[in-house]
Amino acid sequence: MRLVKYYPLIPVYLGYLVLFLIGKTLPGMWQLMAMLSFYCAVGQAFNIFLGMTGYVDFGYVAFMALGTYGMALSIAHLYQIEWLGIGIIVIGFVLAILMSGLLSVAVGAVALRLRGAYFAIATIGVNEGFRYLIEGAKLWGGSEGIIFSKQLTEAFGRGVANKLSTFWADVFVLFIAAIAALVTLCFIRGKIGYALTALREDEEAAKVMGINVTKYKIIAFITSASFAGLIGATAWALKLTHVFPPEVFEISYTVECIIIVLLGGAGTLLGPIVGGLIYGLSKYWLTVIVPGFQLLIFAPIIILIIVAFPEGVVGMFKRRVRGTSLEKFVI
Amino acid sequence: MKGRLLVSVFLMLGLIGWGGMVYAGAPAKVIIGHPACLSGKYAKAGEQALGGIKACVKWVNEVYGGVKIGGKRVPLEYKYYDCESKKEVVTSLIERLITVDKVNVVFAPYSSGLTLSGAPVAEKYGMLYMDHGGASDRIFQQGFKYIVQTIGPGTRYHVGTLDMIHKVDPKAKRVALAYEDSEFARMVMRGAEEHAKKLGFKIVFKRTYPKGVTDLTPLLSDLKAAKPDFILGGGHFEDGQLFNRQMADLDINVKALSLIAAATLPAFYEALGNLAEGVMGPSHWEYGVKYSPEAARKEGLKWIGPTQDEFVKLFKEALGKDIMPDYHAAEAGAQVLAYVLAVEEANSIDPTKVRAALDKLKFMSFYGGWDVDETGKQVGHSMVDMQWQGGKRVIVWPPEAATGKLYYPMPTFAEKAKGKVAVPK
Amino acid sequence: MTLLKLERITKRFGGLIAVNEFDLEIREGESIGIVGPNGSGKTTLYNVISGVYTPEEGRVFFEGQEITFLPPYRRAHLGLGRTFQISRPFGSATVRENVAVGALFGTLHGRIGVDEALEMADRYIELVGLSELKDKVAGSLTPVEKKLMEVARALAMRPKLLLMDEAMAGMHPKDIDRLVGLLKEIKEEEKIAIVAMVEHIMRAVVGFAERVVVMHFGRKLVDAPTAEALKDPKVVEVYLGRPLEEG
Amino acid sequence: MIWNQLAGNLTQGLILGGVYGMATMGLSLIFGVLRVVNVGHGAFIMVGAFAALWLFTALGITPIVAIPIALIIGIALGFVFFYLVMKKLVGAPELTSLLATFAMGILLEEVVKLIFGTEYRGYNWDVGRVDLSVTVLPWAKIYAFLGSVAIAVLLYLWFNKTRAGTAVRSVVEDSEGARVCGVNVGWVYALSFAIGIGLTVASGVLLTMFIPVGINPYMGGPYTLKAFVIAVLGGLASPYGAFFGGLIFGLIENGSYTLFALLPGAEPFALTRFLSFVILLVILLIKPTGLLGAK
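Protein chains in written order, with this note's numbering: chain A, 1339 to 1669; chain B, 17 to 441; chain C, 54 to 300; chain D, 644 to 938.
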């Protein structure tokens, strides 16, 4: 009985396993798999907040950006300290979580009092404001950002450094996605899941039912933000070994996350991976088949999906399998 | 139901697997791979690069007769995808090019950021990675083994301009620097600042403006108050137009104005009309440069490639549009030629050998000189300064490349409004 | 002893006064019917009690402790449960989950896990007779089913005081009698005070309320044992708009 | 010296602010009525800019004349998008409506890109300029400002003097109430969306009168962000609020530059941007109904 709870993870982890294996075995598929797992991971992370609370954080990418800076700063400043060794990566991750976590606490404490559109706009403000602060106050290299391939190479040697950026970074992303999935499940199954569903559906009623909505919103927000930070630290810092403000505070990434979550089915466990795969693959194939026109094709598709299946692929699938043997695998 | 799930998983497998097979290049060719920026924020420059590369590939195959390896002429093939100007896409496309399409060299996408994003993957596969769109000097301080630059480093953009003004008007001492707040433009600004100090100029104004700015009025009024003799600035395309336009609106008159990137494009004059008269811009290449086989012989350099008129013709054919190539096209094209020469030099397509050959390579083409230092940074290519004179782009510096005299000082906006053009008599 | 005490509560919206210097005392285990025409301020009163609104004047006490400025969720923890005039189910969740929310965050919050909560939910669902619907999505229920579900959800909170807002509106007389009977049972078993607010289903009031409070333009018109309250001419006037004898 | 500069910047800011305000009224109207934030706002401005460009360069129609034309184009566009997309999304969770409007934006950008390419364009409509000692103003800018004011006034009259306008207002107040009072809410939604888009497209023309260069399919982004800040300043749901919000925003953006310029080692321009978003947050937290908002 206890274990049945965790069955829904099986299809998710199967998906990630398949990604990993394809990447390892098929030639030239690794980076594609990396891209897909990146999309799945951000979807999984964002879903924890967006999907479960229904609050749209348009500035979500700011957390990824801060994570990126966390890792970048650690590597760029600590690379000469021999005895730290791989420790600088660990410190990087810690910094990433700290920075994105702290920002989320700050934003959450103030902005989460706002509803709907007001919240969305406020978060855009946070993202843009932060970027201009970095550029205007010349924080962390200002608009020139940080390039640290050199430091990475000097710290670990060419081979290891390259392996870090072209292999381990991607593995980490998969790993983070897996953890995020686990957390999502615990949330869905746990008390907090009930609270979040309630407040997503009707915040007033939820309060009267005895739910401390602010508390649960903040928890979801911080969790989601910290995962975002980790993803930034790996997929953007470790993998690309440089960071320029305009590239990481790029709102279109938030939009991609939203598309993924919505495509798969907001608030579901399986949604993000399904959405991520569909989004990533179709995008990739469009770039390969019709270079330059993918957005033109993509936009109407998105609109169509929103209008036709607002509950997303998994959402529909869920209804289909209710009462069948598959039910316990799908949430 | 379970069945359906499995099916879809296999379907996905198949889909990806198919990707593994399709587009595999034939071995009897030399293939250039390129994650081009055809959409997204760099679409403009991306299109130019695409045309330039296609033009020179065509020239190599049809005029030059293919690449000479082991006494055999091998055709050149160009394989490109659209990277949407996005970093995630760049890495996966580069790997695809290397492993699936089995390309022999990868041309970097536009901008320093995207170039850096792809570098680790290229390095991993020991693949030659040629940079025609990332001007940052910092790329070459990272100790990458396989990156070679064709575009000139950012710090040199305004050096020539300063030399020129230093020479033609020793009295003009007050210089104002106003660049975009971006990695690249700051690089240019740093170079300009250092050189200006060296030449004894007085920097009376030094500010940046953020990317995507829609109104420069405050900065420009500030600048106006500093009463500079001439202004160096710019960053990208739209801000350059804005810069010039709002100088006119605020009636800021200086002896010379030089803007990076924007000023050299035909669109600049189309957008501004004769407000652009006398405005200058540093450029890696301009139509009309005097680089020719003769010039090459004079400097004792090897010459290869189309003449600039041939290039322009090929470029227009390649894009199927009647637009002039700008330096983004020229440098990308020249990079093709550099690669071809290096391959023939090394008599092999092995990246390491070719990289070594590129290290020694020194040649001239319609694009001008080409030579890199041991880090792979471009040092052999000197930039030119162009000026809008009567709606035409005239190269006014350096003297050896000049196609006309400098018009100095630039007419005031009041004069321009009366239709005055900056054509020297 | 007194469970809830309202002291001269006044709630205004801009110009108009919804609740006007309202006093009320509710003893443990009491069942009260609050009667009044639409717009007489009943729902506002409920919102003041459950903490959705804070009154401009007056104070609210629960078990002797002042709760005038306590946020709604804290009041729920203390033992205030309610249903809504227009039912507000958590649409995407199943009936079972809906009711479980009540159990999880009601007076038992923190002392009960998800599994127990679900078991509890099943009990109350059975009580209101929705067992065969318990795995349906709440959004898909009929209005009456929704109301029943809300009652179950509120009961699952194990409240000391249950506020029901038009819980019986639109119900078939049979259902009303069933619900009334049910409430009586629960009241006996769990010693909860129940305040049912109704517009004009006298059947419910008579059948169940020991005491009737009549509201009129935000003021308390009558507060008396059911039998005499219903005879009170003032009530009759407010209620039927004209004296009985004419009818 | 510095005071002259400040005065100059503020004058410029006021003029610019008027246009910004006008460019935000559409956003506010749509939000006020449909409770939907049009994230694709900038794309519609871009359409207006291209309309002005094309009408001027191809047909020699001056921007002033182009304004009503753009308005009509916009209204048509608005109706199309409403009945194709928005109709189904009224009252849907933010998630979907935000994404939908964003997708609309992308669609427009890509279509325009297909037609006009990615070249940065511009036109040159020179009607001279006036020199007010502290700064210089081209007449085109002044016309743009006056045009904005005129449109704001017209909208005000439409709102308060016509039946349709009153209906729209009643829906903004309380759509349920309006429904009860027999207002055809569905039609009001369609109408307001169309007019909102119309205003936005028209504002694109005004913006090119202000800055007739850098016209490009992707030019909308910065304007969307500005519009958000301005709309919030004005209370998000009120078109005139937005207009005055614009004035204030223009003054702040340009005025603060002069002050930030006094800070050593900082980049005043980036900081003005930073400031505007700080203001956004502060207002959202202290008075979400906006500086001039009621309640």
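Cβ atoms here follow ideal geometry from the backbone N, Cα and C, with glycine treated the same way. Note that the structure is a prediction, hence the values are computed from the model and not measured.
(1) Take residue 368 of chain B and list the residues in its own chain whose beta-carbon comes closer than 7 Å to its own, dropping the five residues that flank it on each side.
(2) Could you spell out where the alpha helix (DSSP H) holding residue 1623 of chain A opens and where it closes?
(3) To be precise: take each residue of the region 1520 to 1536 of chain A, compare its Cβ to all Cβ atoms of chain C, and keep it if any distance is under 9 Å. Which residues remain?
(4) May I ask which residues mark the beginning and end of the alpha helix (DSSP H) holding residue 1343 of chain A?
(5) Considering only the alpha carbon of each residue, which of D/798, D/777 and D/772 lies closest to residue 786 of chain D?
(6) List the residues of chain A that residue 917 of chain D touches, going by C-beta distances under 7 Å, in chain order.
(7) At which residue ranges does the region 803 to 877 of chain D contain complete beta strand (DSSP E) runs of 3 or more residues, listed in the order of the chain?
(8) Taking just the CA atoms, how far does residue 931 of chain D sit from residue 290 of chain C?
(9) Are the CB atoms of residue 1347 of chain A and residue 1568 of chain A nearer to each other than 9 Å?
(10) Quick one: is residue 438 of chain B buried, meaning 16 or more other Cβ sit within 10 Å of its Cβ, or exposed?
(11) For chain D, is any of its Cβ atoms less than 9 Å away from the one on residue 1442 of chain A?
(12) Whole angstroms is fine: what's the gap from residue 407 of chain B's alpha carbon to residue 339 of chain B's?
(13) By DSSP, does residue 1424 of chain A sit in helix, in strand, or in coil?
(14) Note down, in chain order, each residue of its chain lying with its Cβ closer than 7 Å to the Cβ of residue 799 of chain D, except the 5 sequence neighbours on either side.
(15) Return the bridge partner residues of residue 87 of chain B from the DSSP annotation.
(16) In this structure, does DSSP put residue 252 of chain B in helix, strand or coil?
(17) Per DSSP, what kind of secondary structure is residue 679 of chain D in: helix, strand or coil?
(18) CB-CB under 8 Å to residue 900 of chain D, same chain, minus the five flanking residues each way: which ones, in chain order?
(19) Which same chain residues end up closer than 8 Å to residue 767 of chain D when comparing Cβ atoms and leaving out the 5 residues on each side of it in sequence?
(20) Enumerate in chain order the residues of its own chain whose CB-to-CB distance from residue 667 of chain D is below 6 Å, with the five nearest sequence positions on each side excluded.
(21) For a cutoff of 9 Å on Cβ pairs, would you count residue 1486 of chain A as touching chain D?
(22) Hey, could you find the ends of the beta strand (DSSP E) residue 196 of chain B is sitting in?
(23) Please list the partners that residue 1375 of chain A has in chain B, where partner means a Cβ-to-Cβ separation under 9 Å.
(24) Would you tell me roughly how many angstroms separate the C-alpha atoms of residue 267 of chain B and residue 242 of chain B, rounded to the nearest one?
(25) Which same chain residues, not among the five before or five after residue 236 of chain B, have their C-beta less than 7 Å away from its C-beta?
(26) How is residue 301 of chain B classed by DSSP in three states: helix, strand or coil?
(27) Would you verify that the beta carbon of residue 177 of chain C is, or is not, closer than 9 Å to some beta carbon of chain A?
(28) Please confirm if residue 692 of chain D has its CB atom under 9 Å from at least one CB of chain B.
(29) For residue 658 of chain D, which residues of its own chain have a beta-carbon under 6 Å away from its beta-carbon, when the five flanking residues on both sides are left out?
(30) Determine the closest residue to residue 99 of chain C out of C/133, C/116, C/117 and C/69, with distance taken between C-alpha atoms.
(31) According to DSSP, residue 50 of chain B sits in a beta bridge with which residue or residues?
(32) Would the region 241 to 248 of chain C count as touching the region 143 to 163 of chain C if we require 3 or more Cβ pairs under 8 Å?
(33) Which complete beta strand (DSSP E) runs does the region 1356 to 1384 of chain A hold, if anything under 3 residues is left out?
(34) On a Cα-Cα basis, can you pick out the residue from D/707, D/879 and D/695 that is closest to residue 1456 of chain A?
(35) Just how far apart, CA to CA, sit residue 656 of chain D and residue 708 of chain D?
(36) DSSP three-state label for residue 1602 of chain A, please.
For this structure:
(1) 142
(2) 1609 to 1627
(3) 1527, 1528, 1529, 1531, 1532, 1533, 1535 and 1536
(4) Residue 1343 of chain A -> no alpha helix (DSSP H), and no H or E assigned at all.
(5) D/772
(6) 1467, 1470, 1471 and 1474
(7) none
(8) 45 Å
(9) In this structure, residue 1568 of chain A does not lie closer than 9 Å to residue 1347 of chain A by Cβ.
(10) It is buried - the Cβ of residue 438 of chain B has at least 16 other Cβ atoms within 10 Å.
(11) no
(12) In a straight line, the C-alpha of residue 407 of chain B is about 15 Å away from that of residue 339 of chain B.
(13) coil
(14) 883
(15) Partner(s): none; residue 87 of chain B has no beta bridge.
(16) coil
(17) Correct three-state label for residue 679 of chain D: coil.
(18) 652, 911, 912 and 915
(19) 855
(20) Excluding residues within five positions, the ones whose Cβ falls inside 6 Å are 870, 873, 874, 885 and 889.
(21) no
(22) 190 to 196
(23) What residue 1375 of chain A touches in chain B: nothing, since even the nearest Cβ is about 11 Å away.
(24) 14 Å
(25) Counting only Cβ-Cβ distances below 7 Å, and skipping sequence neighbours, we find 262, 263, 266 and 268.
(26) coil
(27) Not an interface residue.
(28) no
(29) Hits under 6 Å: 784 and 788.
(30) The option with the nearest alpha carbon to residue 99 of chain C is C/133.
(31) B/96
(32) no
(33) none
(34) D/879
(35) 25 Å
(36) helix
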